[in-house]
Amino acid sequence: MKLHEDTEGPPCSHMENLLHQAADGSAKGWKKWYALSHAGQCGRCGRFLDRLRMTLSAVQMSKPVPDPEALDRLKSGKWKEETKK
Amino acid sequence: MPFSIFQGSRISKPRFETVVDQELPILYRVAVRLTLNETRAEDVVSQTLYLAARSWDQFDGRHVRSWLIQILRNEHLGQIRKSARQPEVTLEEVHELSEEGYWMKIDQQLDHIQVLAAIDRLPEEYRLAVALCDIEGLTRQEAAAALEISEGTINSRLHRGRNLLRAQLAHAMSEDIH
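Those sequence lines, one after another, are chains A and B. Just so you know, we're using my numbering here: the first sequence kicks off at 1 and counts up by one. Just so you know, we're using my numbering here: the second sequence kicks off at 1001 and counts up by one.
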């Protein structure tokens, strides 16, 4: 049974923090249970959670690989002399 | 000896070279997100490593990643002050979209360059929160320590940044579709 209208819009204001924690996996125990239970019942929060997860997944997959030449230059930079003192 | 006990405390502190090997890719990525310029990022990381190496003996060894990012950010701010130059960031107008189709497309088609470009369009404080927590995987406590702000502040910056990013990605996809 859906307790809210299934429409686009912001999540319930008291749920936003918990939904962020549920999306990034930092919600544990009762917080996780409560967030997921609410999102399962509430169309707006459910959609917000789905899209936030999708966004975070896209962000995590886009983690750039640093330029190896830049890393090599940095590994042999002036800091090395400080560690020899 | 690869590890040493630091000044009689119970925390074993790795050699600085070991820390550099582990943390360098993260520092570099954070610096690129911070400066929006690879050359400047390299300068900032180079100076960060130099400053960190100089004070390594005084450092207690706790939360090394947060400590290094804190030095990196301070160095970045110092360089901006020195050159009186601000990174040019413009936040494009973002639109919240309601059509389900856009989100289906986002899931299937977003390419990494678009995502990074959207992150780089975020204002610096939100961009940094997203880069530290969502790209580099720092906990909120670690990110708060690195940025020298409270956990409440990192939470609000992270949430605001994610919401802006979510809206920007939807907007980017809507332009691709049309």
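Glycine included, every Cβ here is placed at the ideal spot set by N, Cα and C. Every value quoted in this text rests on a predicted model; they were computed, and no experiment measured them.
Are the Cβ atoms of L1132 of chain B and V1030 of chain B separated by less than 8 Å?
Against a cut-off of 8 Å, the Cβ pair of V1030 of chain B and L1132 of chain B comes out as a contact.
Hey, is D6 of chain A's beta-carbon within less than 8 Å of any beta-carbon in chain B?
In this prediction, D6 of chain A has a pLDDT of 41, which is less than 50 and means its spatial position is unreliable; what the coordinates show is noted afterwards. Chain B contact via Cβ: absent.
Would you please verify whether the beta carbon of F1016 of chain B is less than 8 Å from any beta carbon of chain A?
Cβ-Cβ to chain A under 8 Å: yes for F1016 of chain B.
Going by alpha carbons, who is nearest to S1066 of chain B out of B:H1112, B:R1127, B:E1136?
Among B:H1112, B:R1127, B:E1136, the Cα nearest to that of S1066 of chain B is on B:E1136.
Using alpha carbons as the reference points, say which of B:A1170, B:G1152, B:V1032 lies closest to L71 of chain A.
The option with the nearest alpha carbon to L71 of chain A is B:V1032.
Assuming R51 of chain A and R1166 of chain B form a contact by the criterion Cβ under 8 Å, report the distance between their Cβ atoms to the nearest whole angstrom.
About 6 Å; that satisfies the 8 Å criterion.
Which residues of the stretch 41-66 of chain A have a Cβ closer than 7 Å to any Cβ of chain B? Give them in chain order.
Hits within the stretch, in order: R51, L52, M54, T55, L56, A58, V59, Q60, M61, S62, K63, P64, P66.
Apply the 10 Å Cβ neighbour rule to Q1047 of chain B and answer buried if 16 or more other Cβ atoms are within range, or exposed otherwise.
Buried is the call here.
With a threshold of 16 other CB atoms inside 10 Å of the CB of A20 of chain A, please say whether the residue is buried or exposed.
Before going further, note that residue 20 of chain A is His rather than Ala in the sequence given. Answer is buried; the Cβ neighbour count reaches 16.
Could you tell me the boundaries of the alpha helix (DSSP H) in which P1014 of chain B lies?
Note, P1014 of chain B: premise wrong, no alpha helix (DSSP H); beta strand (DSSP E) at 1012-1014.
Are the beta-carbon atoms belonging to L1116 of chain B and G1161 of chain B less than 8 Å from one another?
No; because the gap between Cβ atoms is not below 8 Å, this pair is not in contact.
Are the stretch 62-78 of chain A and the stretch 1043-1063 of chain B in contact at 8 Å, needing three or more beta carbon pairs?
Yes, the stretch 62-78 of chain A touches the stretch 1043-1063 of chain B.
Closest to N1163 of chain B by C-alpha separation, out of B:E1142, B:A1146, B:D1134, B:L1147, would be which residue?
Nearest of B:E1142, B:A1146, B:D1134, B:L1147 to N1163 of chain B, Cα basis: B:D1134.
I'd like the list of long-range same chain contacts for V1044 of chain B, defined as Cβ closer than 7 Å, with 5 residues on each side in sequence excluded.
Correct list, in chain order: A1031, T1035, L1072, E1075, H1076, Q1079.
Does the beta-carbon of K1013 of chain B have 16 or more other beta-carbons within 10 angstroms, so that it is buried, or is it exposed?
Counting Cβ neighbours within 10 Å, K1013 of chain B comes out buried, since at least 16 surround it.
Contact check, G29 of chain A vs A39 of chain A under 8 Å by CB: the rounded distance?
At roughly 16 Å, the Cβ-Cβ gap does not stay under 8 Å, so G29 of chain A and A39 of chain A are not in contact.
For the stretch 1068-1081 of chain B, which residues have a CB atom closer than 9 Å to at least one CB atom of chain A, in sequence order?
Residues passing the 9 Å Cβ filter: none.
Answer with buried or exposed for W33 of chain A, where buried requires no fewer than 16 other C-beta atoms within 10 angstroms of its C-beta.
Exposed: under 16 other Cβ atoms inside 10 Å.
Span of the alpha helix (DSSP H) holding K63 of chain A?
Where K63 of chain A is concerned, there is no enclosing alpha helix (DSSP H), given that its DSSP letter is neither H nor E.
Between which residues of its own chain and E1023 of chain B is the CB-CB distance below 8 Å, once the five residues before and five after are set aside?
Result list for E1023 of chain B: V1064, R1065, L1068, in chain order.
Need the endpoints of the alpha helix (DSSP H) that P10 of chain A sits in, please.
Taken as a continuous stretch (DSSP letters only), P10 of chain A belongs to no alpha helix (DSSP H), as it is neither H nor E.
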